[in-house]
Amino acid sequence: MNNRYLWIPVAFTLLVVLLAIGLTRDPREIPSPLIDKPAPEFTLPRLDNEQPFAPEDMAGHAWLLNVWASWCASCREEHPLLVDLARQNLLPIVGLNYKEVRGDLSLDAAKLTPEAEKREAAARANLWLAARGDPYTLSVLDLDGKVGIDYGVYGVPETYLIDKDGIIRFKHIGPITPKVLKDKLLPRIAQLKR
Amino acid sequence: MIPELGLFSLILALPVALCTGVLSLLGAQRGRPAWIALARPGSVALAFLVGVAYLCLTWAFVQNDFSVLYVARQSSSSLPIVYRVAGVWGGHEGSLLLWLLMLTGWAALVRFYSRALPDGLRARVLGVLCLVAAGFLLFILLTSNPFLRLIPGAAEGRELNPMLQDPGLVIHPPLLYMGYVGFSVAYAFAVAALMSGQLDAAWARWSRPWTLAAWVFLTLGIAVGSWWAYYELGWGGWWFWDPVENASFMPWLAGTALIHSLTVTEKRGSFKNWTALLAVSTFSLSLLGTFLVRSGVLTSVHAFASDPARGVFILAFLVAVIGASLLLFVWRAPRMGLGGRFALVSRESLLLANNFLLVVATSAVLLGTLYPLIVDALDVGKISVGAPYFNAVFVPIMLPLLFLIGVGPFARWKQASAAEIARRLRWTLALAIVLPIPLYSFFEVELIGRRPLLNLSLMLALWIFLSAGRHFIQQVRATQGGGSFIAAALKQPLHFWGMHIAHVGVAVFVAGVAIVGAYEAEKSVKMAPGDTVGINHYRFRFLGVQSIEGPNYQALRGEMALLENDRVERRLFPEKRFYHRSAMPMTEAAIDAGLWRDVYVVLDEPIDRERPDDEWVVRIYVKPLVDWIWGGAFLMALGGLLALLDRRYRIRRRAPIQEIRV
Numbered sequence: 106m107n108n109r110y111l112w113i114p115v116a117f118t119l120l121v122v123l124l125a126i127g128l129t130r131d132p133r134e135i136p137s138p139l140i141d142k143p144a145p146e147f148t149l150p151r152l153d154n155e156q157p158f159a160p161e162d163m164a165g166h167a168w169l170l171n172v173w174a175s176w177c178a179s180c181r182e183e184h185p186l187l188v189d190l191a192r193q194n195l196l197p198i199v200g201l202n203y204k205e206v207r208g209d210l211s212l213d214a215a216k217l218t219p220e221a222e223k224r225e226a227a228a229r230a231n232l233w234l235a236a237r238g239d240p241y242t243l244s245v246l247d248l249d250g251k252v253g254i255d256y257g258v259y260g261v262p263e264t265y266l267i268d269k270d271g272i273i274r275f276k277h278i279g280p281i282t283p284k285v286l287k288d289k290l291l292p293r294i295a296q297l298k299r
Numbered sequence: 008m009i010p011e012l013g014l015f016s017l018i019l020a021l022p023v024a025l026c027t028g029v030l031s032l033l034g035a036q037r038g039r040p041a042w043i044a045l046a047r048p049g050s051v052a053l054a055f056l057v058g059v060a061y062l063c064l065t066w067a068f069v070q071n072d073f074s075v076l077y078v079a080r081q082s083s084s085s086l087p088i089v090y091r092v093a094g095v096w097g098g099h100e101g102s103l104l105l106w107l108l109m110l111t112g113w114a115a116l117v118r119f120y121s122r123a124l125p126d127g128l129r130a131r132v133l134g135v136l137c138l139v140a141a142g143f144l145l146f147i148l149l150t151s152n153p154f155l156r157l158i159p160g161a162a163e164g165r166e167l168n169p170m171l172q173d174p175g176l177v178i179h180p181p182l183l184y185m186g187y188v189g190f191s192v193a194y195a196f197a198v199a200a201l202m203s204g205q206l207d208a209a210w211a212r213w214s215r216p217w218t219l220a221a222w223v224f225l226t227l228g229i230a231v232g233s234w235w236a237y238y239e240l241g242w243g244g245w246w247f248w249d250p251v252e253n254a255s256f257m258p259w260l261a262g263t264a265l266i267h268s269l270t271v272t273e274k275r276g277s278f279k280n281w282t283a284l285l286a287v288s289t290f291s292l293s294l295l296g297t298f299l300v301r302s303g304v305l306t307s308v309h310a311f312a313s314d315p316a317r318g319v320f321i322l323a324f325l326v327a328v329i330g331a332s333l334l335l336f337v338w339r340a341p342r343m344g345l346g347g348r349f350a351l352v353s354r355e356s357l358l359l360a361n362n363f364l365l366v367v368a369t370s371a372v373l374l375g376t377l378y379p380l381i382v383d384a385l386d387v388g389k390i391s392v393g394a395p396y397f398n399a400v401f402v403p404i405m406l407p408l409l410f411l412i413g414v415g416p417f418a419r420w421k422q423a424s425a426a427e428i429a430r431r432l433r434w435t436l437a438l439a440i441v442l443p444i445p446l447y448s449f450f451e452v453e454l455i456g457r458r459p460l461l462n463l464s465l466m467l468a469l470w471i472f473l474s475a476g477r478h479f480i481q482q483v484r485a486t487q488g489g490g491s492f493i494a495a496a497l498k499q500p501l502h503f504w505g506m507h508i509a510h511v512g513v514a515v516f517v518a519g520v521a522i523v524g525a526y527e528a529e530k531s532v533k534m535a536p537g538d539t540v541g542i543n544h545y546r547f548r549f550l551g552v553q554s555i556e557g558p559n560y561q562a563l564r565g566e567m568a569l570l571e572n573d574r575v576e577r578r579l580f581p582e583k584r585f586y587h588r589s590a591m592p593m594t595e596a597a598i599d600a601g602l603w604r605d606v607y608v609v610l611d612e613p614i615d616r617e618r619p620d621d622e623w624v625v626r627i628y629v630k631p632l633v634d635w636i637w638g639g640a641f642l643m644a645l646g647g648l649l650a651l652l653d654r655r656y657r658i659r660r661r662a663p664i665q666e667i668r669v
């Protein structure tokens, strides 16, 4: 068949294949510019005893920094995996509680004083951890999300793998799934511990 | 109860759409009058059912029924009523329902304004529209049901995104969707004509007013959207080349090509296949835009739980609708005759050049929009394509097109003489080149030749304006006889007026874009109350910031006086709003708009958060001719509207000839 219009459906088929591949990709999966860079510094109060915590406190250990909040639905999804991981005692997991109050659209943060916001955040975070188990060696409160900005937090949850020299080696955006844990996170942890 | 009624109505609409679609197409193919007769009541019933569903959802918004998940997510009881009504299309599910409402609305309009059409053709057009509607109904019912209940119901809704609480939301999406979806009519006409084999001048004449109507809406929709982004986002830009904008711009470009090629098909019977392909492509680009925006393939501003099923469904739908019509085209097109022949220099060839350039421009935008996806799919990294690419590629394609706008109307159909056109237009061209020169001293910023693109754009804008005027006068003189010029001008057909007004709109648009791009001035300064700052010959005095109370927000309202000779000329009130239910402050720019310039003031950040009544970082822009951008787009739309109202499309009575052709 000699049809000079035949290229049109062929081109369209190519476009469809492209779009279909595109559907399997996640546009949010952006390589972080922080990979292989030192973890940004910060000092934030701990959730349990309000003592300051800074990343250099972890010097000498590989550790995970996991960004979470009680209003975050996907955090609920990954939480059991984190609890499991913590039980294996592979490495310390530090929770960065991100905008506990301000991030929750059903709360009106503008009406709270800073102290009230802190109290409210601590209460909500503790309640959540008590109900679902606490995988964190410690958690810190990032009420206004400024530390989140330094780390380029894009959506909650996010997880950073930081080595013993304080260098970020891996970042995962979105909930950790069993597949991510097995294929990406655990091999890298094993590598760091070698 | 009411939301269930809406859902029931939607469910009922699905078999109605399927039956009407399938039976009227089959009926037209096999020549069964009883099936054909089903198209008219069927399409009206479909529009009615979808309309009922739409009203039910609106009712749930107005009544603050937070037991409906979509309402709880998009609205709240403190939301002003107008945003509750408009909030219906503030999210995914509702905007799809609006899409569907428009689609069935267009089909119902076709049913009422197509008495002149042969029964078979009308049944086919309505049948195609019903089938497209059926696809969208399935999509809504399977993946995006807006009537889902939230049990137990929420006490209060989450409220509409503050960014959307703006008059722009009320008018922009309906206009845009009217345009987007309106091209479905042109598409349905093309598919119907391909099915019947009746791809001729009559077909072009029937589908032209519908195409123009869709184009007018899309033009207005894009312009309003750009204006909305300009004042709401607070960056002072008017076009960002982001995927969502491109999604609406691609059908516009293809639609512009289509309304021009339809002229050729109507007047000369040429370009038939090309026109049909353009009609199919234009609507396909609308669907592709919907896919890109709704599937989250390119960017997703939503939470992690975005539903991949939606993307898969729309892709399947794209394949069905576009794939089927392209195959139909490939099968049928080679059998269509070629139509009137034309010489190398002729109105036809110039319009062909117009089409070529517009299609190349569309492809360039499509490539830029999809390129990040291509790169990702080939696994060679992640990139984003931004304004530098689009400006570098798009602008050079447009420049020759702008030149052709001035020439086109002077060329005769069939065969024109290049020498003759050159002779008529040489002084116009000379004037267009010389006239911008005094303008440069007016702006006193740049010398001639320093900015080739600016100079070229201004010359082209003038060229379009002058040659349109020239052609207009020449044409009116030719029919003037002994009467007055004005009387003769008023007697010109509306499509003639429409063409020139739209072309002048392009000139106005180009002048605005060129001048604002070259001469806009911006300053970001720290100002304490009482401070004065100067930009160009404007002076601004900051008078401080006050706290005010809005219906569902608190705001810090700054006051900025625009001084002229130390006298207060205007007062501007930029705001920083804190919506009660949102953590993110919203920046509301204050704009003093004018024919010759906009002054645009934004409150950025207070120096000390604890003392918002003290120093602030303030951004001030002076934007010469920026309103010409939207003014030009408005003129284009007005031109389209006039052309569409032309007498020759008002065929009320049924043409005596055609019978159903098989």
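If you read the sequences in order, they're chains A and B.
Residue numbers for the first sequence follow my numbering, beginning at 106 and rising by one.
Residue numbers for the second sequence follow my numbering, beginning at 8 and rising by one.
Beta carbons are placed, not taken as given, at the ideal position from N, Cα and C, and that holds for glycine.
Please read these numbers as outputs of a predicted model, since none were measured by experiment.
So, helix, strand or coil for residue i, using DSSP?
| i | result |
| --- | --- |
| residue 170 (chain A) | strand |
| residue 273 (chain B) | helix |
| residue 635 (chain B) | helix |
| residue 55 (chain B) | helix |
| residue 27 (chain B) | helix |
| residue 493 (chain B) | helix |
| residue 544 (chain B) | coil |
| residue 282 (chain A) | coil |
| residue 142 (chain A) | coil |
| residue 584 (chain B) | strand |
| residue 570 (chain B) | strand |
| residue 627 (chain B) | strand |
| residue 263 (chain B) | helix |
Is the beta carbon of residue j closer than 8 Å to that of residue i?
| i | j | result |
| --- | --- | --- |
| residue 653 (chain B) | residue 500 (chain B) | yes |
| residue 458 (chain B) | residue 525 (chain B) | yes |
| residue 268 (chain B) | residue 352 (chain B) | no |
| residue 404 (chain B) | residue 360 (chain B) | no |
| residue 111 (chain B) | residue 177 (chain B) | no |
| residue 203 (chain A) | residue 279 (chain A) | no |
| residue 43 (chain B) | residue 35 (chain B) | yes |
| residue 64 (chain B) | residue 95 (chain B) | yes |
Please report the Cβ distance between residue i and residue j, rounded to the nearest whole angstrom; I am assuming they are in contact, meaning their Cβ atoms lie under 8 Å.
| i | j | result |
| --- | --- | --- |
| residue 126 (chain A) | residue 384 (chain B) | 4 Å |
| residue 260 (chain B) | residue 140 (chain B) | Their Cβ separation, rounded to whole angstroms, is 26 Å, which puts residue 260 (chain B) and residue 140 (chain B) out of contact at 8 Å. |
| residue 152 (chain A) | residue 231 (chain A) | 7 Å |
| residue 102 (chain B) | residue 164 (chain B) | So it is not a contact: roughly 18 Å between Cβ atoms. |
| residue 190 (chain B) | residue 258 (chain B) | 6 Å |
| residue 620 (chain B) | residue 540 (chain B) | With a Cβ gap of about 19 Å, residue 620 (chain B) and residue 540 (chain B) do not count as contacting. |
In terms of alpha-carbon separation, which member of the options lies closest to residue i?
| i | options | result |
| --- | --- | --- |
| residue 69 (chain B) | B:195, B:600, B:538, B:91 | B:91 |
| residue 246 (chain A) | A:197, A:217, A:157 | A:157 |
| residue 556 (chain B) | B:60, B:369, B:584 | B:584 |
| residue 116 (chain B) | B:618, B:377, B:47 | B:47 |
| residue 508 (chain B) | B:249, B:54, B:644, B:93 | B:644 |
| residue 49 (chain B) | B:26, B:191, B:71, B:38 | B:26 |
| residue 148 (chain B) | B:171, B:562, B:100 | B:100 |
| residue 142 (chain B) | B:489, B:247, B:41, B:294 | B:294 |
| residue 225 (chain B) | B:207, B:208, B:266 | B:266 |
| residue 510 (chain B) | B:428, B:333, B:469 | B:469 |
| residue 642 (chain B) | B:604, B:512, B:626, B:617 | B:512 |
| residue 592 (chain B) | B:529, B:213, B:168 | B:168 |
| residue 219 (chain A) | B:627, B:497, B:638, B:616 | B:616 |
Problem set entry | Sufficient close CB pairs (3 or more, under 8 Å) joining the stretch 194 to 201 of chain B to the stretch 117 to 136 of chain B | Judged by pairs of C-beta atoms under 8 Å, the stretch 194 to 201 of chain B touches the stretch 117 to 136 of chain B, as three or more such pairs exist.
Exercise. With contact counted as at least three CB pairs below 8 Å, one residue from each stretch, are the stretch 119 to 129 of chain B and the stretch 178 to 187 of chain B in contact?
Worked result: No contact exists between the stretch 119 to 129 of chain B and the stretch 178 to 187 of chain B.
For this session: Please determine if the stretch 482 to 491 of chain B and the stretch 601 to 617 of chain B are in contact, where contact requires at least 3 C-beta pairs separated by less than 8 Å.
Result: These segments do not touch.
For this session: Could you say if the stretch 136 to 149 of chain A and the stretch 222 to 239 of chain A meet the contact criterion of at least three C-beta pairs nearer than 8 Å?
Result: Touching, no, given that fewer than three Cβ pairs across the two stretches are closer than 8 Å.
Exercise. Quick check: the stretch 273 to 290 of chain B against the stretch 334 to 342 of chain B, are there 3 or more CB pairs under 8 Å?
Worked result: The stretch 273 to 290 of chain B is in contact with the stretch 334 to 342 of chain B.
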